[in-house]
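Reading through the structure tokens given below for one structure.
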Amino acid sequence: IAGITQAPTSQILAAGRRMTLRCTQDMRHNAMYWYRQDLGLGLRLIHYSNTAGTTGKGEVPDGYSVSRANTDDFPLTLASAVPSQTSVYFCASSGTNTGELFFGEGSRLTVL
Amino acid sequence: RKEVEQDPGPFNVPEGATVAFNCTYSNSASQSFFWYRQDCRKEPKLLMSVYSSGNEDGRFTAQLNRASQYISLLIRDSKLSDSATYLCVVTFYNQGGKLIFGQGTELSVKP
């Protein structure tokens, strides 16, 4: 089934550890996004990429990095995890200018 | 102040009720508007786009008021299956078309 795949679906991580959340899409969408969702704060944009080879900062980029080496993959890296990064992370992509985002199922990350 | 704001609710309504959600945005350089639906512990999914002239999809009606900078979603004849969180989404010209989400309004439809 075409769509977006995120991995892992859930992870418990010790503070200070490095973690990469993987995101792969097979819809050949140009734009990809990473959001985090926290209770009462909604979805907040971390980083985005309008096309392969380019990335940009969203609303809450600090402590996160991304890369976009090709169209399909958009990994999100936490270089040194902190407890405030405990959240549900959603990867999304969009194709044409319809504004419709297609989301992965989310990655639930707990930093202790 | 957040760029996109919603009443978080929860809205608790009986089946068959009509319920309306409002969403305000602070940046007048707005481009496009959408309502997304998110079920508990699931990913958000597009419910409907919001057009300047207003649009309807079955029991759902979306309205846009650019002068007052708000959009609304009206749900008529609520069903149990409408229980979810409804997210207001706006894109802005001066932010490269990125989608900015409101914090969501929770709806619970009771029998």
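Protein sequences appear in the order of chains A and B. Just so we're aligned, residue 1 is where the first sequence starts under the working numbering, counting upward by one. Just so we're aligned, residue 113 is where the second sequence starts under the working numbering, counting upward by one. Cβ atoms here follow ideal geometry from the backbone N, Cα and C, with glycine treated the same way.
Under three-state DSSP, which class holds residue i?
i	result
B:PRO126	strand
A:SER87	strand
B:ASP194	helix
A:THR9	coil
A:GLU105	coil
A:ALA92	strand
B:PHE172	strand
B:LYS114	coil
A:GLY42	strand
A:ARG22	strand
B:CYS152	coil
A:THR71	coil
B:SER142	strand
A:MET27	coil
B:SER165	coil
B:LYS210	coil
In chain order, what residues of the same chain lie with their CB nearer than 6 Å to the CB of residue i, ignoring the 5 residues before and after it?
i	result
B:PHE123	VAL131 and LEU219
B:LYS222	PRO126
A:LEU21	LEU76, TYR89 and SER107
A:ALA7	ARG22
Leaving out five residues before and five after residue i in sequence, what residues of the same chain have Cβ atoms less than 7 Å from its Cβ?
i	result
B:GLN175	GLY166, ILE183 and SER184
A:ALA15	ALA81, VAL82, PRO83, VAL111 and LEU112
B:ASP189	GLY128 and ARG171
Assuming the contact rule is C-beta atoms closer than 8 Å, residue i and residue j should be a hit. Round their C-beta distance to whole Å, please.
i	j	result
A:SER80	A:ARG18	7 Å
A:ASP72	A:THR24	5 Å
B:THR173	B:LEU159	In fact, because the Cβ distance is near 12 Å, the residues do not count as touching under 8 Å.
B:GLN215	B:GLN118	6 Å
A:TYR35	A:ARG44	6 Å
A:GLN37	A:SER87	7 Å
A:GLY95	A:ASN30	7 Å
Residues in the same chain with beta-carbon distance under 8 Å from residue i, minus the five sequence neighbours each way, listed in chain order, please.
i	result
B:PHE204	GLU115, ASN139, ALA141, SER142, GLN143, LYS210 and ILE212
B:PRO120	GLN215, GLY216, THR217 and GLU218
B:GLN181	THR136, TYR137, SER138, SER140 and SER142
In the DSSP output, what is residue i paired with across the bridge?
i	result
A:GLY56	A:TYR48
B:GLN181	Looking at the DSSP assignment, B:GLN181 forms no beta bridge with any residue, so it has no partner.
A:VAL111	A:LEU13
B:SER220	B:ASN124
Three Cβ pairs or more, each shorter than 8 Å: is that satisfied between the stretch 190 to 198 of chain B and the stretch 144 to 152 of chain B?
yes
Given a limit of 8 Å on CB to CB distance, which residues of the stretch 199 to 223 of chain B reach chain D?
No chain D appears in the structure shown, which is made up of the protein chains A and B.
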